[in-house]
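Residues in the sequence shown are numbered consecutively from 50, following my numbering.
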Amino acid sequence: MLKTAEKRFESQKFLEALPDYRQLVSISPKNKDYNFKYGTCLLYSDEDVSEAVKHLSFACKGGAFQDKRAYFYLGKAFHYNYQFADALESYIDFKAKVDSKTGAAFREVDRLITMAENGKKLLADIKDIKVLDKTESTVDAFFRNYDLSDMGGSIIKVPDELLSSVDKKKKHSPLMYYPVEGGSEIIFSSYGKGDHLDLYSVKIEFSGGYTQPKKLEGVVN
């Protein structure tokens, strides 16, 4: 099992390696290498990222763990958990400890450092939120509670005439912002004739009708 787990891990098949390392950690909970690799695999799963933080932190505790990649993945775990200051510390620690060969394979660390710095600044600017009013609404009608009096217009469901047959088949009921004045362009989501959502635009004619929906160019999603 260990050889299979290591092979999968080194091939970055983290989800395939996850069950193996889960079992290895349960057998040897104090093994730092198992904790490092299990924590890394958790990062690429849909499990609670705090579990990845726990196992990677255990592996890196003391600062002398042999596999320096652990500090990079610990930084990522902190990053995903919105612990940006801790993420920065781990990323910088990784850069200080890693050799040039390994560092070259993890060049994204500089970009991640910038992102963590930005995240740290954003969190520092967050103000306490005061709830002025509460109301309950159904999923189908929540948008009616938006107050657009300052900007005008309204949020409405996309009219049936703009929905494609695929939209109707998939019961896709998108919303759109309807401006005050005619002649404006409207953007909304639609399956069109395909199997995935894209953004489409129409123009409101002065008669109140719509032009034919046109798919926006480029990659949106």
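Don't be surprised by glycine CBs; every beta carbon is placed ideally from N, CA and C.
Through-space distance from Lys81 to Gln245, alpha-carbon basis: For this step, residue 245 is matched to residue 196 along the sequence shown. For this step, residue 81 is matched to residue 32 along the sequence shown. It is worth fixing the name first, because residue 245 is His in this sequence and not Gln. Using only the alpha carbons, I get a separation of about 43 Å.
By Cβ distance, which residues of its chain are closer than 7 Å to Ser256, with the 5 residues on each side in sequence left out? Taking the sequence shown and counting its residues from 1, the one referred to as residue 256 is at position 207. Answer for Ser256: no residue qualifies.
Leaving out the 5 sequence neighbours to the left and right, which residues in its chain are closer than 7 Å to Leu123 when beta-carbon positions are compared? Taking the first residue of the sequence shown as position 1, residue 123 is located at position 74. The residues Leu105, Ser106, Cys109, Ser139, in chain order, have a CB closer than 7 Å to that of Leu123 in the same chain once the five nearest residues on each side in sequence are set aside.
For Met164 and Lys125, what's the separation of their Cα atoms in angstroms? Residue numbering aside, residue 164 sits at position 115 when the sequence shown is read from its first letter. Residue numbering aside, residue 125 sits at position 76 when the sequence shown is read from its first letter. If you take the alpha carbons of Met164 and Lys125, they lie about 11 Å apart.
Taking the Cβ atom as the reference point for each residue, do Lys86 and Glu65 lie within a distance shorter than 9 Å? Position 37 of the sequence shown, counted from the first residue, corresponds to residue 86. Position 16 of the sequence shown, counted from the first residue, corresponds to residue 65. In this structure, Glu65 does not lie closer than 9 Å to Lys86 by Cβ.
I believe Val158 touches Asn130 by the beta-carbon criterion, under 8 Å. Please report the beta-carbon distance rounded to the nearest angstrom. Locating residue 158 in the sequence shown gives position 109, counting from the first residue. Locating residue 130 in the sequence shown gives position 81, counting from the first residue. Not really, about 17 Å apart at Cβ, beyond 8 Å.
Among all the DSSP beta bridges, which residues are the ones paired with Leu248? Position 199 of the sequence shown, counting from 1, holds the residue named residue 248. DSSP output for Leu248 lists Ser238 as bridge partner(s).
Quick check: what's the CA-CA separation for Met50 versus Ala136? Numbered from its first residue, the sequence shown carries residue 50 at position 1. Numbered from its first residue, the sequence shown carries residue 136 at position 87. The alpha-carbon atoms of Met50 and Ala136 are separated by roughly 32 Å.
Tell me the rounded alpha-carbon separation between Pro78 and Tyr93. As a first step, residue 78 is located in the sequence shown; it is residue number 29 there, counting from the start. As a first step, residue 93 is located in the sequence shown; it is residue number 44 there, counting from the start. Near 21 Å, if we compare the C-alpha coordinates of Tyr93 and Pro78.
Work out the CA separation of Gly152 and Lys144 for me, nearest whole Å. Your numbering for residue 144 matches position 95 in the sequence shown. Your numbering for residue 152 matches position 103 in the sequence shown. Answer to the nearest angstrom: the Cα atoms are 7 Å apart.
If Ser239 sits next to Pro262, beta carbons under 8 Å apart, how far is it from one beta carbon to the other, in whole angstroms? Locating residue 239 in the sequence shown gives position 190, counting from the first residue. Locating residue 262 in the sequence shown gives position 213, counting from the first residue. Confirmed, Cβ separation roughly 7 Å.
Whole-number beta carbon distance between Ile205 and Leu181, since they are thought to touch under 8 Å: Counting from 1 along the sequence shown, the entry for residue 181 is found at position 132. Counting from 1 along the sequence shown, the entry for residue 205 is found at position 156. About 25 Å; that fails the 8 Å criterion.
8 Å CB neighbourhood of Asp148 in its chain, flanking five on each side removed: Within the sequence shown, the letter at position 99 stands for residue 148. Correct list, in chain order: Lys117.
Bounding residues of the beta strand (DSSP E) (the contiguous stretch that carries Ser13): Absent from the structure is residue 13, since the part of the chain shown begins at 50 and ends at 270.
Does the distance from the C-beta atom of Phe133 to that of Cys90 stay below 9 Å? Working through the sequence shown from its first residue, we reach residue 133 at position 84. Working through the sequence shown from its first residue, we reach residue 90 at position 41. No, the Cβ-Cβ distance between Phe133 and Cys90 is not below 9 Å.
Is Ile253 helix, strand or coil by DSSP? Residue numbering aside, residue 253 sits at position 204 when the sequence shown is read from its first letter. Three-state DSSP puts Ile253 in a strand.
Residue range of the beta strand (DSSP E) that includes Tyr131: In the sequence shown, residue 131 corresponds to position 82, counting from 1. Counting along the chain, Tyr131 falls outside any beta strand (DSSP E), and DSSP gives it neither H nor E.
Can you give the Cα-Cα distance for Val98 and Glu210, rounded to whole angstroms? If you number the sequence shown from 1, residue 98 lands on position 49. If you number the sequence shown from 1, residue 210 lands on position 161. Roughly 44 Å between the two C-alpha positions.
May I have the straight-line CA-CA distance separating His221 from Asn194, to the nearest angstrom? Here residue 221 corresponds to residue number 172 of the sequence shown, with the count starting at 1. Here residue 194 corresponds to residue number 145 of the sequence shown, with the count starting at 1. Rounded to whole angstroms, His221 to Asn194 spans 21 Å at the Cα level.
Can you tell me whether Met50 is helix, strand or coil according to DSSP? Within the sequence shown, the letter at position 1 stands for residue 50. The answer is coil: DSSP assigns Met50 none of H, G, I, E or B.
If you measure between the beta carbons of Asp25 and Lys264, is that distance less than 9 Å? The question about residue 25 has no answer here: the residues shown for the chain are numbered 50 through 270.
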